[in-house]
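Below is one structure; the comments refer to it alone.
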Amino acid sequence: MKVEARIFDLVTGFCFFIAIVYGVTTYFWSGFGVEPVGLVALILTGGLALIAGSYMRFVSRRIEARPEDREDAEISDGAGELGFFSPGSYWPIALAGSAAFAGLSLAFFHIWMIVVAGALILLTVGGLVFEYHTGPHDE
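Written as C-alpha cells, this is what we have:
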C-alpha cells in the first residue's frame, strides 16, 4: 500500500500548492480579495488526501509487502485468487437506488425523505455486507 500512499501524498502536495497559488492570484487579480470558497475547497481536498494517504501508510506498515510495493517483483508474483466476488448479487443495485433516493431527498430537502433514505442506505449496506454471512458454526 506504499504506492497508494505515495499517490495520495502527491495529491496532497498538489492541492496545498494550488491552494497557495489560488489564494495569491485571487488576492491580487480579483479586486475583491481572496476568494474564500475555492481556497477552502482546495485546502479541504488536500486535507482529505492527507487523511487517506496517512491511513494507507499506517496500514502498509502492518501488512506484508505486496508485489506492487516491491521493486524486484515479477508479474507472476501477483497471480492467484484475488478474493470472492458475488456473481449475481442485487444488493449493489439496491444500494445505488437508495443513494439516488438520498441525493434526490437532499436536493428537495424533505426531511421525511432524508430519514427514509438514511434507513434505506443502512438497510442496503447491511444486506450487501452480510449477504453471505451464515452465522457462528456450532459443532
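Under the numbering used here, think of the first position of the sequence shown as 240, with each following residue one higher.
Cβ atoms here follow ideal geometry from the backbone N, Cα and C, with glycine treated the same way.
State the CB to CB distance for the pair residue i and residue j, rounded to an integer number of angstroms; the pair is presumed to be in contact (CB under 8 Å).
{"i": "Phe340", "j": "Leu359", "result": "6 Å"}
{"i": "Leu382", "j": "Tyr261", "result": "What the structure shows of the chain is the stretch from 240 to 378, and residue 382 is not part of that stretch, so it cannot be assessed."}
{"i": "Pro326", "j": "Leu367", "result": "Actually they do not touch by this definition, with Cβ atoms about 14 Å apart."}
{"i": "Val273", "j": "Thr265", "result": "5 Å"}
{"i": "Ile353", "j": "Leu361", "result": "Contact doesn't hold; Cβ gap of about 13 Å is too wide."}
So the candidates are the options; which of them puts its Cα closest to the Cα of residue i?
{"i": "Ala244", "options": "Trp268, Gly272, Asp308", "result": "Asp308"}
{"i": "Ile257", "options": "Phe369, Gly285, Gly357, Phe267", "result": "Gly285"}
{"i": "Tyr329", "options": "Lys241, Thr251, Tyr371, Asp311", "result": "Tyr371"}
{"i": "Asp316", "options": "Phe369, Pro306, Phe324", "result": "Pro306"}
{"i": "Val242", "options": "Phe297, Ile350, Ala318, Thr373", "result": "Phe297"}
Measure the alpha-carbon distance for residue i versus residue j and round it to whole angstroms.
{"i": "Gly322", "j": "Asp248", "result": "28 Å"}
{"i": "Gly270", "j": "Ile246", "result": "36 Å"}
{"i": "Ile259", "j": "Ile282", "result": "9 Å"}
{"i": "Thr363", "j": "Phe267", "result": "50 Å"}
{"i": "Val250", "j": "Asp311", "result": "26 Å"}
{"i": "Gly357", "j": "Phe369", "result": "18 Å"}
{"i": "Ser299", "j": "His349", "result": "43 Å"}
{"i": "Arg301", "j": "Glu320", "result": "21 Å"}
{"i": "Val254", "j": "Ala280", "result": "Rather than Val, the amino acid found at residue 254 in this sequence is Cys. Near 9 Å, if we compare the C-alpha coordinates of Ala280 and Cys254."}
Which two residues bound the contiguous alpha helix (DSSP H) that contains residue i?
{"i": "Arg309", "result": "Where Arg309 is concerned, there is no enclosing alpha helix (DSSP H), given that its DSSP letter is neither H nor E."}
{"i": "Leu287", "result": "275-301"}
{"i": "Leu334", "result": "330-347"}
{"i": "Met240", "result": "Met240 -> no alpha helix (DSSP H), and no H or E assigned at all."}
{"i": "Ala356", "result": "350-368"}
### Query
With contact counted as at least three CB pairs below 8 Å, one residue from each stretch, are the region 321-340 and the region 277-291 in contact?
no
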